[in-house]
Amino acid sequence: MSKIIDLSKTIQYNAGDPFFMKVKIKHKIHKKAKWLVRYLGLPFRLFPKKFIGWADDEIKKMGVHSTTHIDAPWHYGPTCMGKRAKTIDEIPLEWCYGDGIVIDMKHKADFDPITSADIQAFLEKENLSLAPNMIVLIKTGRDKLMGTKDFFLKGTGMSAEATEWLIKQGIKVMGIDQWGWDLPLPYLIKKAKESNNAELFWEAHLVGIDYEYCHMEQLTNLDALPTTGFKVATFPLKIKGGSAAPARVVAIMDEEA
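Counting in our numbering, the sequence shown runs from 79 upward without gaps.
In structure tokens:
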């Protein structure tokens, strides 16, 4: 028997989300469908006695980056390694399933970037090593802020050199349990203006222009996982030409684990 642990955020409206990532869903109750069926030609007298109508729902607004999702290389820039970058429907599905490992970075303070030295220190302490095609999950504990205004504003984040280091270990897919992969965007904008540093903003994402990889954002429930000994599945919706797609990310492990 296998145990499946959900690592995905519930898709719903959250008042604390910034305007550009708010989700709006219209729920249609059962009885409204009766009129649609009648319009399609079935007389009321031929409706099954138990038929109240079918429930239906409509996603009125949801960006592909609004919830738990996986970014395609196309998100980082139009080219990757000198060629046209892959869109989400072009990502090899083999990248999206593999052995998982949790890197615990909950000790990192807000706005303090995660470095390759941080990751290597954790691996050495736990007597672990990375293998090509593992799926690396960075645990920051910031998923507890989901649904609040602080989710967008606070957090640690991956540095460019840490992202590049993971890629050079053969990692194609990695993810994090906070709003974004980098340090929080408002903080990066503020620091770039203060320092007049044009290379600061979005530095970890932009590694994807020079090296091909994908990352997941807005994971949750990583505390429910052991450090190793599980598989991760993160299959995105097949959106033609998409820069990203929502994904139902899950961890799969033996019950004994």
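Glycine included, each C-beta is placed from N, C-alpha and C at the ideal position.
Here the structure is a predicted model, which is why all the values come from computation and not from measurement.
{"Item": "Would you decide whether D301 is buried or exposed? Buried here means 16 or more other CB atoms lie within 10 Å of its CB.", "Value": "exposed"}
{"Item": "Output the distance between the C-alpha atoms of Y289 and F308, rounded to the nearest integer angstrom.", "Value": "26 Å"}
{"Item": "Report the three-state DSSP secondary structure of K217 (helix, strand or coil).", "Value": "strand"}
{"Item": "Could you tell me how far apart the beta carbons of H108 and D135 are, in whole angstroms, since I believe they sit closer than 8 Å?", "Value": "That pair is no contact at about 12 Å."}
{"Item": "Hey, out of I181, P191, I216, M224, whose CA is closest to N205's CA?", "Value": "I181"}
{"Item": "Once the 5 residues before and after W259 are set aside, which same chain residues still bring their CB inside 7 Å of it?", "Value": "G235, M236, A282, H283, H293, E295"}
{"Item": "Check whether the Cβ atoms of G176 and I213 sit closer than 7 Å, and answer yes or no.", "Value": "yes"}
{"Item": "Could you compute how far the alpha carbon of V142 sits from the alpha carbon of P191?", "Value": "25 Å"}
{"Item": "List the endpoints of the continuous alpha helix (DSSP H) containing D196.", "Value": "194–203"}
{"Item": "Can A150 and S273 be called in contact, C-beta distance under 7 Å?", "Value": "no"}
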